[in-house]
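What follows is a single structure, written as structure tokens, with notes after it.
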Amino acid sequence: MAKEKYVYFFGNGSAEGDGSMKQLLGGKGAGLAEMAKVELPVPAGFTLTTEVCDLYYKNKKSYPDGLKKEVQDNLNRLEKITGKRLGDPKDPLLVSVRSGAPVSMPGMMETILNLGLTDESVNGLAEKTGNKRFALDAYRRFIMMYGSTAMGIDREKFDEIFNSVKEKKTRVRLNIQADQKVLDTEINESELEIIIEKFKALYKKVIKEDFPQDPQEQLWGAIGAVFNSWMAEKAVTYRKVENLVGIKGTAVNVMQMVFGNKGDTSGTGVCFTRDPNTGENAFYGDYLINAQGEDVVAGIRTPMHLSEFEKKDPESYKQLCDVRDLLENHFRDMQDMEFTVEEGKLYMLQCRTGKRSPAAAFKMAVDMVKEKLITKEEAIMRIKASDIEGVFYPAIDPKQKNLKESYIMSGIGAVPGAATGKICFSASKAEQLWKESKEKLILVRKETSPEDVGGMYAAQGILTGTGGKTSHAAVVARGWGKCCIVGCEKLTINYEAGECSYNGIVLKEGDYITLDGARGDIYKGELQLIPPKLPESYKTLMSWVDDIRKIKVRTNADSPADAKTAIEHGAEGIGLCRTEHMFFSDEKRISAIREMIIAETSEGRKKALSKLLPIQTKDFEGIFKAMDGKPVTIRLIDPPLHEFVPHDKEGQQKLADDLKIAFADVKRRVTQLHEANPMLGHRGCRLAITFPEILDMQVTAIITAACNMQKKGITVLPEIMIPLTIDAKEFHILETRVRSVADAVIAKKESTVKYLVGTMVETPRAAILADTIAEYAEFFSFGTNDLTQMTLGISRDDAAKFLPDYVDEQKTGIFPADPFQSLDQEGVGLLVKTGIEKGRSVRPTLKVGICGEHGGDMESVKFFCRSGMDYVSASPLRVPIARLAAAQAQVAATKK
């Protein structure tokens, strides 16, 4: 059995690894190896693999056997190439020790530069280079980086010493005025010597040991610091936010130091082969003279743009331009590069695929196809869901003043974008204010319910104290493209006082706040927003998407306005029209549905429903008109009736007054409707079994609207969906009644309207018995929201309390992602596949789709494509994401 290899060498025109080995060597290590192979000026070095990091944590921070020998062998090789020795008092080899995960995590992990300097070797470096200031500057940097990074000394304590000497010595010596800044480069040799002595004294005071003078001790201390930074709080948080799972760890890159701080002919820079903000094919970056890498990032001095660098050092700039062209053509993507110029000679320290803005992602992808760098298929595979979201939603203008001062707290960003408006704690009040004055409002609630949808629609954004990314507030907001933040459990909301508070900050109703739904951040005041503008490259790339994908993409829409928005985003029909949402859009509708619910007899219910019939008919006419020629799946009423009635005394009294009945009768009926577990109670098709008059009214409205619009020349394709089916007999009873009512309307109207009757598969039993149900159902639509809840036995509205522990790799890693956001393919996915296979075994022409929240999730849509579905349905603003995912699934399938 071959011995495990833990260390890979690169440099001198060759490398043991290459650019394809990111998972093992990390992005930085793979990039360095690839640059070395194409003979770019890369300082020699070696990479400790991500496997070492994984074993380091599995072995309780112990290194695997054989690692130290491998490191020493590669260090010997590096010393041979450079002609220098680590720790040599006369001509020391200095190295950098840098992190490098398989995916970019900028600023999240540690770096140590100038390793190998000691009290003795710093003098040798000064003599060898003839530049004592440079040698001392490198030593003070090393002590500070090693002390803070490897040994945990507060970085601010080093900064305090450094700034104190700069102010008390350098400012006085140069007579620099108080209103002028003292630059780091103005500190002289004697002042640097003072700083070094003070740094070492601080080190000994905190660590109780002298600063290490053994370079081997330094090296292993630095390697350990990089591995330890993988589990640092900021790195763990970053991975959670970015949903980076399944990564073994960080690699460690040990590389010969090159020095940008040797004077005015040296410097360091960071650049991108194209503009990461706009996507333009323009060289973009910064350069800082007489500096080392961290100086550019830290912003200690203002760097120059590359155009200035060209004027300052045209020869080095030309070398950099040649590297730019070579790397972009080699990797066929925009590169993020770090470089150093040492006394006029260029060295490349890093190249990796560069992060870019959403608009830039589209422009680069399209431009690179036109330049014949990549294919259309490759361009499609490079776009992410976040890129699509980013070009559609407004954002907070980052250039405005007082942004940091305005920040209050953070919750869970459920729907991206930004919104600003006045706080309103009441949904009904929000609806009223919007109707009267079109005021911009932010609805702030402990939680939302279907009764709040009018106010939610009126608001610019929604903020709730509870819930997760698939709570009621999140689901409804996403469908409407409303910025939404949920799960702000530390936000105290007091409806009676009309205020909310956090950490001493009190906000009253009517105060302005601004929400950043992408980050989950909440700000005080009315901040400036940047409106979205779709780039032409977006339209071009999405046309390629539609040419490639096979599966259809529909939308979840409940109104003509939603339908119109969805069509603009490429929807090819409606996969879910939730009729219950129509009941809340005005007082007349809610009054009629409540009258029906309170009624004690069938005749009383029919009387109330007769008031809703013309209203629902008109709603469906509008939807059919908007979807001319496209299929429309309409779900009959689904929620339990208790969600439609008021539960407070004031609301119940008003309902009694409106219906001219006793308050006691209203209260008694509301009490009767109470359910211990409404999700599993009297809802869905069970309502139609108990109260068939509701089904009769809705089917009459659907088919009447279809007949009316057909006569006006509109092509109508209605699909009537019965929710929550659990049994073939149950479905057959209702399907028979649907056809009886529908056919009677068609005959009366002398129409030729064709329709389908199907069911929403959202219970495990329906999926398992799909073959029996398919004897009567013409289509299935999987409702994966409820199917996930029932399969896992987890309420999506309560999951936020514990589900983070289930998806946290460091705690349990039970789920790779939140199953309410990305489908549980092993469990729920198996039921979906079973349902499709069983259904089509009986009815080969069975039309199958999905209309849960998962219809707008990239990985879920790809699964549905592989499962053989005919369509997916997503909320209007997630339709483009579903289109992209369907195209990527097709590209992946074609490659196999």
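Residues -11 to 884 (our numbering) make up the sequence shown, in order.
All C-beta atoms, glycine included, are put in the ideal place defined by N, C-alpha and C.
Exercise for the section: Using only alpha-carbon positions, find the residue among His569, Asp546 and Ala689 that is nearest to Leu597. Expected result: Ala689
Problem - Backbone CA spacing between Ala446 and Lys423 [nearest angstrom] - result: 8 Å
Practice task
Evaluate the contact criterion for the stretch 338 to 354 versus the stretch 842 to 860: three or more CB pairs, one atom per stretch, below 8 Å.
Solution key: no
Exercise for the section: For Lys884, name the three-state secondary structure that DSSP assigns. Expected result: coil
Handout entry: Status (buried if at least 16 other CB within 10 Å, exposed otherwise) for Asp646
Key = exposed
Problem - Unbroken alpha helix (DSSP H) run spanning Ala755, endpoints - result: Pro752 to Ile756
Problem - Rounded C-alpha distance that separates Ile539 from Ala870 - result: 10 Å
Problem - Own chain, CB closer than 7 Å to Ser109, minus 5 neighbours either side, in chain order - result: Gly75, Asp76, Pro77 and Pro80
Problem - Where Pro804 falls: helix, strand or coil (DSSP) - result: coil
Problem - Segment contact, 8 Å Cβ cut-off, at least three pairs: the stretch 623 to 634 with the stretch 713 to 720 - result: no
Practice task
Could you check what DSSP says for Ile603 in three-state terms: helix, strand or coil?
Solution key: helix
Exercise for the section: Use the C-beta contact count for Leu82: other C-beta atoms within 10 angstroms, 16 or more gives buried, fewer gives exposed. Expected result: buried
Exercise for the section: Identify whether Glu707 lies in helix, strand or coil by the three-state DSSP scheme. Expected result: strand
Problem - Under the three-state DSSP convention, the category Ser855 falls into - result: coil
Practice task
Name the residue from Phe852, Ala383, Glu115 and Gln640 whose alpha carbon lies nearest to the alpha carbon of Asp509.
Solution key: Ala383
Practice task
Please list the segments of the beta strand (DSSP E) lying wholly inside the stretch 363 to 439, counting only runs of 3 or more residues, in order along the chain.
Solution key: 395 to 398, 400 to 403, 406 to 412 and 429 to 433
Exercise for the section: Say yes only if the C-beta of Pro382 is nearer than 6 Å to one or more non-hydrogen atoms of the ligand GDP, and no if none qualify. Expected result: The ligand GDP is not part of this structure, which contains no ligands at all.
Handout entry: CA-to-CA distance, Phe247 to Glu330, given in whole angstroms
Key = 5 Å
Problem - Minimum length 4: unbroken alpha helix (DSSP H) runs contained in the stretch 24 to 107 - result: 38 to 46 and 55 to 70
Problem - Cut-off 6 Å between Cβ atoms - residues of its own chain near Gly1, not counting five sequence neighbours on either side - result: Glu27
Exercise for the section: Just the C-alpha distance for Asp504 and Ile473, rounded to the nearest angstrom, thanks. Expected result: 8 Å
Problem - C-alpha distance - Asp607 paired with Ala732, whole-angstrom precision - result: 21 Å
Practice task
Would you list the residues sitting across from Arg507 in a DSSP beta bridge?
Solution key: Arg507 pairs with nothing; no bridge assigned.
Exercise for the section: With DSSP collapsed to three states, give me the class of Arg582. Expected result: helix
Handout entry: Cutoff 6 Å; reference Asp324; Cβ partners in own chain excluding five residues on either side
Key = Phe260, Arg340 and Gly342
Handout entry: Which of helix, strand or coil DSSP assigns to Phe679
Key = coil
Handout entry: Reduced DSSP secondary structure (H/G/I, E/B, other) of Lys333
Key = strand
Handout entry: Segment contact flag, the stretch 65 to 74 with the stretch 37 to 48, C-beta cutoff 8 Å, min 3 pairs
Key = no
Practice task
Out of Arg866, Phe767, Gly33 and Asn773, point me to the one whose CA is closest to Ile824's CA.
Solution key: Phe767
Practice task
Mind the definition here: the stretch 209 to 220 touches the stretch 97 to 104 only if three or more C-beta pairs lie below 8 Å; say whether that holds.
Solution key: yes
Exercise for the section: Assign Pro602 to buried or exposed, taking buried as 16 or more other Cβ atoms, counted over all protein chains shown, within 10 Å of its Cβ. Expected result: exposed
Practice task
Tell me where the beta strand (DSSP E) around Lys742 begins and ends.
Solution key: Taken as a continuous stretch (DSSP letters only), Lys742 belongs to no beta strand (DSSP E), as it is neither H nor E.
Practice task
For Pro804, collect the residues of the same chain with a Cβ closer than 6 Å to its Cβ; drop the 5 residues on either side in sequence, then sort them by chain order.
Solution key: Val233
Handout entry: Separation of Leu13 from Val240, as counted between CA atoms
Key = 8 Å
Handout entry: Chain-order list of residues whose beta-carbon lies under 7 Å from that of Thr255 (same chain, five-residue window excluded)
Key = The amino acid occupying residue 255 in the given sequence is Gly; Thr does not appear at that position. Here the set comprises Gly248, Tyr275, Leu276, Ile277, Asn278, Ala279 and Val329.
Practice task
Taking 7 Å as the cut-off, decide whether the C-beta atoms of Gly17 and Gly88 are in contact.
Solution key: yes
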